[in-house]
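Structure first, commentary second.
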Amino acid sequence: MGFRRKVSDSPRVELTPMIDVVFLLLIFFMISTTFIERPGVTIDLPEGGNQQIETEKKEVEVYLTEEGDLYLQREAITLAELNNHLMSLGAETAKDLTFLLMADKSARHGWVIEVMEIARRNGFIRLAIATDKTVDETTIRPND
């Protein structure tokens, strides 16, 4: 009796379902990704050097507007409340944190110094001041 041998195809990996899944994951991550913005507080940062400092995840963000309004992590706060909050962190914790000050370039110099002094008194040793990139020096004209 003659048995026929089954002709077996070599195993194949179907790529179409895998490509569909990867495409759907790409769309999901593009839609669900949050972009870092500073909404709510309008601050016109001064221009500074080209050096960009890597900020750490452990930071205290303080915003100072042109009118002198103060925000801690985007929540309105007074100088006394800022002092109390920083004091509650403790000096040892403050040494490990970066104090990130984002002051409007039109904010009064005295207010900026006062906020920096509060941070210093509460044990912060790392201070970062946010700026925008400088304009090209060829565009700067004296007496403007």
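Heads up: the sequence shown begins at 70 in my numbering, then just goes up one per residue.
Positions of the beta carbon are idealized from the N, C-alpha and C atoms, including for glycine.
Everything numeric in this text was worked out from a predicted model, so none of it was measured.
Residue i to residue j span [Cα, whole Å]
| i | j | result |
| --- | --- | --- |
| residue 173 | residue 96 | 37 angstroms |
| residue 134 | residue 198 | 14 angstroms |
| residue 85 | residue 91 | 10 angstroms |
| residue 200 | residue 132 | 12 angstroms |
| residue 193 | residue 147 | 19 angstroms |
| residue 101 | residue 196 | 32 angstroms |
| residue 82 | residue 88 | 12 angstroms |
| residue 182 | residue 159 | 21 angstroms |
| residue 74 | residue 80 | 17 angstroms |
| residue 185 | residue 175 | 16 angstroms |
| residue 161 | residue 179 | 27 angstroms |
| residue 78 | residue 72 | 19 angstroms |
| residue 153 | residue 171 | 20 angstroms |
| residue 98 | residue 139 | 34 angstroms |
Residue i - DSSP class collapsed to helix/strand/coil
| i | result |
| --- | --- |
| residue 172 | strand |
| residue 76 | coil |
| residue 136 | coil |
| residue 190 | helix |
| residue 102 | coil |
Residue i - partner residues in DSSP beta bridges
| i | result |
| --- | --- |
| residue 195 | 167 |
| residue 90 | Residue 90 pairs with nothing; no bridge assigned. |
| residue 83 | The partner list for residue 83 (beta bridge, DSSP) is empty, contrary to what the question assumes. |
| residue 145 | 140 |
| residue 128 | 167 |
Whether residue i touches residue j by CB criterion (8 angstroms)
| i | j | result |
| --- | --- | --- |
| residue 137 | residue 190 | no |
| residue 144 | residue 169 | no |
| residue 128 | residue 94 | no |
| residue 163 | residue 155 | yes |
Presumed contact (8 angstroms Cβ cut-off) between residue i and residue j, rounded CB distance
| i | j | result |
| --- | --- | --- |
| residue 151 | residue 187 | 6 angstroms |
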